[in-house]
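A short write-up of the structure that comes next.
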Amino acid sequence: MMVSDKIKKIKVGTASCGIAAGADEVLELLRQYVGDITIEEVGCVGHCYAEPLVDVETVDGTVISFQHVPSTVAGVENVLGLGDRGRFTIPAGRRNKELHKVIGLAGKICPTSFEQYVENGGYDGLKKALSMIPQAVIDEVRKSGLRGRGGGGFPTGTKWGFMAAKQAEQKVLICNADEGDPGAFMDRSLMESVPHQLLEGMLIGAYATGATKLFIYCRAEYPLAIKHLSIAIDQIYEKRLNVIAGLELEIVIKEGAGAFVCGEETALIHSLEGKRGTPRFRPPFPTDSGWQDYPTMINNVETLANIPLIVREGGEMFASVGTEGSKGTKLFALAGDLRCPGLVEVPMGITLAEIVFDIGGANPAEVKAVQTGGPSGGCIPVDKFDTPVDYDSLKSLGAIMGSGGMIVIGKQRCMVETARYFLDFTHRESCGKCTFCRVGTKRMFETLERITAGEGVPEDLDFLEEMGNKVRSGSLCGLGQTAPNPVLVTLRYFRSEYESHVREKQCGALVCNALTDVLLDQEKCIKCKLCIKNCPVNAVSEDFVIDNTLCVRCDTCIEICPKKTIYRVKKGEGYYRGQN
Amino acid sequence: MEQTEYDYLKKIAPEPGNLIKGLQAIQAREGYVSDDDIRAAATYFSLAEVEVEGVLSFYAQFKRNPPGKYRICVCDGTACHIKGSALILDWVSTELGIKAGETDAKKLFSLETVACLGCCSLAPVMSINGKVFGNLDRKATVKILKEHRKK
Chain Z
3 MMVSDKIKKI
13 KVGTASCGIA
23 AGADEVLELL
33 RQYVGDITIE
43 EVGCVGHCYA
53 EPLVDVETVD
63 GTVISFQHVP
73 STVAGVENVL
83 GLGDRGRFTI
93 PAGRRNKELH
103 KVIGLAGKIC
113 PTSFEQYVEN
123 GGYDGLKKAL
133 SMIPQAVIDE
143 VRKSGLRGRG
153 GGGFPTGTKW
163 GFMAAKQAEQ
173 KVLICNADEG
183 DPGAFMDRSL
193 MESVPHQLLE
203 GMLIGAYATG
213 ATKLFIYCRA
223 EYPLAIKHLS
233 IAIDQIYEKR
243 LNVIAGLELE
253 IVIKEGAGAF
263 VCGEETALIH
273 SLEGKRGTPR
283 FRPPFPTDSG
293 WQDYPTMINN
303 VETLANIPLI
313 VREGGEMFAS
323 VGTEGSKGTK
333 LFALAGDLRC
343 PGLVEVPMGI
353 TLAEIVFDIG
363 GANPAEVKAV
373 QTGGPSGGCI
383 PVDKFDTPVD
393 YDSLKSLGAI
403 MGSGGMIVIG
413 KQRCMVETAR
423 YFLDFTHRES
433 CGKCTFCRVG
443 TKRMFETLER
453 ITAGEGVPED
463 LDFLEEMGNK
473 VRSGSLCGLG
483 QTAPNPVLVT
493 LRYFRSEYES
503 HVREKQCGAL
513 VCNALTDVLL
523 DQEKCIKCKL
533 CIKNCPVNAV
543 SEDFVIDNTL
553 CVRCDTCIEI
563 CPKKTIYRVK
573 KGEGYYRGQN
Chain A
-13 MEQTEYDYLK
-3 KIAPEPGNLI
7 KGLQAIQARE
17 GYVSDDDIRA
27 AATYFSLAEV
37 EVEGVLSFYA
47 QFKRNPPGKY
57 RICVCDGTAC
67 HIKGSALILD
77 WVSTELGIKA
87 GETDAKKLFS
97 LETVACLGCC
107 SLAPVMSING
117 KVFGNLDRKA
127 TVKILKEHRK
137 K
């Protein structure tokens, strides 16, 4: 195989998304052919749509990137010969609008290399912090205007101040890495790609507030993140970086066990104590009485990963980016109906349109809404996309910033079904402690089930609104307080879709199974019989007619038809045996 | 507690705070948590069986039935859902003849849905024994299942 002599080093992105796209196989093949050239595994640069990504560093210092590298000999040969195929450049929209600060090192350094992190300014922040008095560190964080990135948006410096003021024999710092929002993967990327940056933030936080017991509460669904963090913690112990102001800090990773409510701080503490993860009434706030009654401070992964930068570059530098009330940059996990899904970091105050269209490459003509904040957030319609992204603007639309999941919803999706989906999630994840959340979300879910099944009545919409407001005010924690959001927001912006479901019994997007039929276009059909052979319920007759009385709307025939002659149509337009 | 069978628990300090960790260790070995395991964990962590059961049933991660050789998790996170994960589940279910939460008679496949695998940019995805398969359509899904059946 021709291997170019210009190659100095090769980097392969092997975070979870890269591996899922086949990066492991590519890495394996590269290793067979490279000879003495160094191959490094790096984290995620955020361009998930282009995975597997391989960066080639040449002797003259340029970097050539290859996207969608196939795990074939020919694919690897193209990379090693610096071929023209599959060259990757960052799309202009992304390059101009993004601002990489907190993920500045992600995908550039080997996640488990302590040395590489240090070479790139790592632990300089900690060193600088240790040369200051703790109060000065807190002042710097306060000056930065950093607000909690987990969704709540509480000013981090203020929280640190509360914690530092507490006198106790032991104080606890917990990193909330229980990224439970379906559709969010910012924290996973950070932990997988730059675990040391998170740990440096935690050590600085511990120094500033006097915490000596440090927990990372991470989802068990993120095995690679846990692995990288464990390696990084071992390195910290080895270098004795965990000895701060003469005190030896203990850093422990605890794996969550799959409960969305455990993202809520008091529930998280219960889970850490080995109990059922139910939230409790506040006050007392965790900074007064948390893990085993010790003062406990909980910060999110992204919040803590910002700390080393703030200390290193100064709070004012951080505050120079963003808007009046929301400073700095924010990570978003972009997914859904768009061309370039992935992880993006943008300055606060950028508009939704810039994120979805310019960075995400979505087609404005095909987008209906964007869902922010996961099951606690709301769907913002496309005509509100000029809204700047910051904590307060999103709130005024009825949505929330949340942790940063952003799902683009195309015109072909049904908003009622989307709301049903979120309520399905939240009613199952409700811990059951508060009646309104336990029973209310279930009733709302059942109502939405009926509406999407074509059995809704106009009064259902009033019921959803009334119950939604009751669940919101009658619940103890964030889960219940925000669970009705997806319904209330879609009712506000997409009421006509609900109306057509309950009045005309039609689903305009042709998504709800009970409100659609399936039709085979006889004129275009080439009679290949694939649909007949593959239909699980024998609904396609020998003369190529789909009987909608039998059809279960599984879409198998639609997917399998080579000529795309089968599609969904409005209810009543399909064939029903014995009726038309 | 039988001395030999649960020796591996001894690596974990027997404080009630470590109960979840202990149950995770049990499940990592056996793939699920049996009634005997609950009794053993209760003894080891000095808790009542009902307390162990209470914690166990709270968290989605814990399984009470033995899984198949291949554990299929169809992702139903938001991104996957709008990209048609319900259909993926249907297709897998039809192909294997089992519903979500079930294991087939040969104990080869078990099927479940999960809230999010964090690979949203590749939606829709599913994982088999932890390995993620992305950008699924019907053809790819069926092919992956057939390949695993052959193995």
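Protein chains in written order, with this note's numbering: chain Z, 3 to 582; chain A, -13 to 137.
Glycine included, each C-beta is placed from N, C-alpha and C at the ideal position.
First and last residue of the uninterrupted beta strand (DSSP E) at ALA94/Z: Taken as a continuous stretch (DSSP letters only), ALA94/Z belongs to no beta strand (DSSP E), being part of the alpha helix (DSSP H) at 94 to 99.
C-alpha gap between VAL473/Z and CYS533/Z, whole angstroms: 46 Å
Within the segment 30 to 84 of chain A, ranges of the alpha helix (DSSP H) (whole runs, at least 4 residues): 35 to 44, 64 to 68, 71 to 82
GLY584/Z, enclosing alpha helix (DSSP H) - first and last residue: The question about residue 584/Z has no answer here: the residues shown for chain Z are numbered 3 through 582.
Spatial distance of THR280/Z from CYS102/A (CA atoms): 21 Å
C-alpha distance - LEU270/Z paired with GLY123/Z, whole-angstrom precision: 33 Å
Length of the line joining the Cα atoms of ALA186/Z and SER291/Z: 30 Å
GLY120/A burial status per 10 Å Cβ neighbour count (16 or more: buried): buried
Cα-Cα separation between LEU481/Z and HIS272/Z, rounded to whole angstroms: 16 Å
Three-way DSSP call (helix, strand, coil) for PRO281/Z in this model: coil
Residue span of the alpha helix (DSSP H) that contains ASN536/Z, given as start and end: 532 to 536
Contact set for GLY510/Z: own chain, Cβ-Cβ below 8 Å, skip 5 residues either direction: CYS416, GLU499, SER502
Straight-line Cα distance separating TYR224/Z from ASP557/Z: 32 Å
SER115/Z to ASP141/Z span [Cα, whole Å]: 31 Å
Paired residues, beta bridge with ASP57/Z - DSSP: LYS13/Z, SER67/Z
Neighbour list for SER405/Z in chain A, Cβ cutoff strictly below 7 Å: By Cβ distance, chain A contributes nothing, its closest Cβ being about 12 Å from SER405/Z, past 7 Å.
Cβ distance (whole Å) where CYS514/Z is taken to contact GLU431/Z below 8 Å: So it is not a contact: roughly 23 Å between Cβ atoms.
Sequence-distant residues of its chain with Cβ nearer than 8 Å to ALA208/Z (five each side left out): LEU175, THR214, LEU216, ILE246, LEU251
Bridge-paired residues (DSSP) for LEU336/Z: GLY344/Z, MET408/Z
CYS19/Z: contacting residues in chain A (beta-carbon distance under 7 Å): CYS105, SER107, LEU108
Any chain Z beta carbon closer than 8 Å to LEU73/A: yes
Coarse secondary structure for TYR18/A, derived from DSSP in three states: coil
Residue-chain proximity (ILE68/A, chain Z), Cβ-Cβ < 8 Å: yes
8 Å Cβ cutoff met for GLY470/Z and LEU450/Z: no
Cα-Cα separation, PHE546/Z to GLN508/Z: 26 Å
Bounding residues of the alpha helix (DSSP H) (the contiguous stretch that carries LYS117/A): It is not in any alpha helix (DSSP H) - LYS117/A instead sits in the beta strand (DSSP E) that spans 117 to 119.
Inter-stretch contact at 8 Å, needing at least 3 Cβ pairs: the segment 52 to 68 of chain A / the segment 91 to 101 of chain A: yes
Through-space distance from CYS537/Z to LEU521/Z, alpha-carbon basis: 14 Å
CB of SER405/Z within 8 Å of CB of MET188/Z, strictly: yes
CA nearest to the CA of LEU55/Z, picked from VAL196/Z, GLY24/Z, PHE156/Z: GLY24/Z
Limits of the alpha helix (DSSP H) - the one that TYR51/Z falls within: It is not in any alpha helix (DSSP H) - TYR51/Z carries neither H nor E in the DSSP assignment.
7 Å Cβ shell around LEU306/Z - same chain, five flanking residues per side excluded: CYS177, LEU200, GLY203, MET204, GLY207
Closest Cα partner of LEU33/A within the set GLU16/A, SER20/A, GLN10/A, ILE6/A: ILE6/A
Exposure of TYR578/Z, with buried meaning 16 or more beta-carbon neighbours within 10 Å: exposed
ALA14/A classed as buried or exposed, judged by whether at least 16 other C-beta atoms fall within 10 angstroms: exposed
Within chain Z, the residues that TYR45/A reaches when beta carbons sit closer than 7 Å: ALA259, GLY260, ALA261
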